[in-house]
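Since the structure comes first, as structure tokens, the remarks are kept for the end.
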Amino acid sequence: MNDHDLPDELTSEEREAFASLPRERIPPAKLEERVVGALRAEGLLSGATRQRAGAQGFRRSWVAAAVAAGLALFASGVAVGHWSAGERVADAVSAALDHGADPQQAATEVQEAGSEYVRAVAHLAELAGQDTGGELASGAEAARVALHAAALELARVRPDDPTLRLVLAVLEERADAASDTTAGPARKTIWF
Amino acid sequence: MAIPDLSDRDLSDRIVRGGDEAAFRVLYRRHTPALLPFVLRVLGGAEADAEDVVQDTWVRAVRALPRFRWESSLRTWLLGIGLNRAREVLRGRNRAPAHGAEEREVPVLPPPTAERLDLERAIACLPDGYRTVLLLHDLEGFTHPEISERLDIAIGTSRSQLHHARRTLRRLLDPAAEETR
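So the protein sequences, as listed, match chains A and B.
Position 116, counted from 1, in the first sequence is what this note's numbering calls 116; the numbers after and before it change by one each time, with no gaps.
Position 144, counted from 1, in the second sequence is what this note's numbering calls 1144; the numbers after and before it change by one each time, with no gaps.
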């Protein structure tokens, strides 16, 4: 007797069991943004339609302004030896959500605005790193720490972003190296 | 007519003609709830892989939309693309030997003393080839000739895979009962 001759029909209980398996499942919200982002990157989608542009325009400008304010605070903070921009970005994100922004959309907008922020801070860190004097050296450390804080904050709203993962990996590597040669306690005061 | 009320074909036309994101989001929300659990089951429950496959499926589908002839439903077409992509992932894991050799494949069974598994977990435990044929036949309602064409295997292989899949599944679900058969 070969395999095909064996009795193999499903019983009614088995049919019911198969029929009861869910055929649909709500996908994670972040997946939609991932897919849309991938299609945009391929040039297959042209971006948000005008229907949603009004409400989103308000949110975008609001969030971007908040992040820009965070950047300004960061710059002034470095000048006087403080670095609180990361907290400002966190506050901006929270406030945007409190004001009714769609979390996914807010995440996307913060990421876009935040990318500019991270680039600006990275540039500042680079400039500071070129100086061997004490003030700029501490500015470089402040910038690096703030960059790390900003990246962590952005990673919290966009955990799967590959660029942010890369930024974090590099920063954490540098932080580990720095902790081997410098006193660590000062850095701890910055995390939020 | 509001965008959410448009047919799959009208939404697809908007995407092809103007890269209409709103139309795409409607299409995505209409079909991804079915696509995701399907590829998740084919992949044996690997969530992260399933999300990657869903993303790749949509990218491939939107690229190919201008050539889609609407001889099947969009959902059937999407599931086909998802199935192909998921099988590529399985092959990449080196978990899916050639179908012809799978008839003698030894399934990954839990220890003999293991408690009964629920059906979902038991399906996930099946070897990839068994699981794919079982899902297509017993969950999605494909016939053996359709499975044969879709998976590029002989009809006899499809029948044999299904037989072994069901038998293995029964053993996983109720080891004691299966021993008495």
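C-beta atoms are modelled at their ideal positions from N, C-alpha and C, and glycine is treated no differently.
This one's a predicted model, so the numbers in the text were calculated from it and none came from an experiment.
- Of the other Cβ atoms in all chains shown, 16 or more fall within 10 Å of the Cβ of S1158(B); this residue is therefore buried.
- Here I1147(B) is buried, its C-beta having at least 16 other C-beta atoms within 10 Å.
- Nearest Cα to L1173(B) within the set P1145(B), S1007(B) and C1125(B): C1125(B).
- L39(A) is a Cβ neighbour of V1059(B), given a cutoff of 9 Å.
- Chain order gives the chain B residues near S46(A) as G1018, G1019, D1020 and E1021, where near means a beta carbon separation below 8 Å.
- When DSSP states are grouped into helix, strand and coil, A1046(B) belongs to the coil group.
- Taking 7 Å as the upper bound on Cβ-Cβ separation, chain A lies near residues D1138 and L1139 of the stretch 1129-1140 of chain B.
- From the listed residues L1139(B), Q1055(B), T1143(B) and I1015(B), the smallest Cα separation to P22(A) is found for L1139(B).
- The C-alpha of Q1161(B) is placed about 7 Å away from the C-alpha of G1129(B).
- Ranked by how close their Cα comes to the Cα of R1009(B), the residues W1070(B), G1141(B) and R1063(B) have W1070(B) in first place.
- The alpha carbon of S20(A) has as its nearest neighbour, out of S12(A), L44(A) and V36(A), the alpha carbon of S12(A).
- Relative to P1066(B), the option among A1050(B), R1093(B), R1014(B) and L1035(B) whose CA is nearest is R1014(B).
- If you draw a 10 Å sphere on the C-beta of T1132(B), you find 16 or more other C-beta atoms in it, and that means buried.
- Where H1144(B) is concerned, the enclosing alpha helix (DSSP H) starts and stops at H1144 to L1151.
- By the neighbour-count criterion, in which a residue is buried when 16 or more other Cβ atoms sit within 10 angstroms of its Cβ, T1057(B) is buried.
- Between the beta-carbon of V1016(B) and that of V1053(B) there is about 23 Å, and that puts the pair past the 8 Å contact cut.
- Following the DSSP letters along the chain, one finds R1069(B) in no alpha helix (DSSP H), marked with neither H nor E.
- Non-local C-beta neighbours of G1044(B) in its own chain, meaning closer than 6 Å and more than five positions away in sequence, comprise A1124, ordered along the chain.
- By the neighbour-count criterion, in which 16 or more other beta carbons inside 10 Å mark a residue as buried, D1049(B) falls on the buried side.
- Residues of the same chain with a CB within less than 7 Å of the CB of P1145(B), apart from the 5 flanking positions on each side, are I1155 in chain order.
- The C-beta distance from L44(A) to R1085(B) rounds to 17 Å, too long to meet the 8 Å contact threshold.
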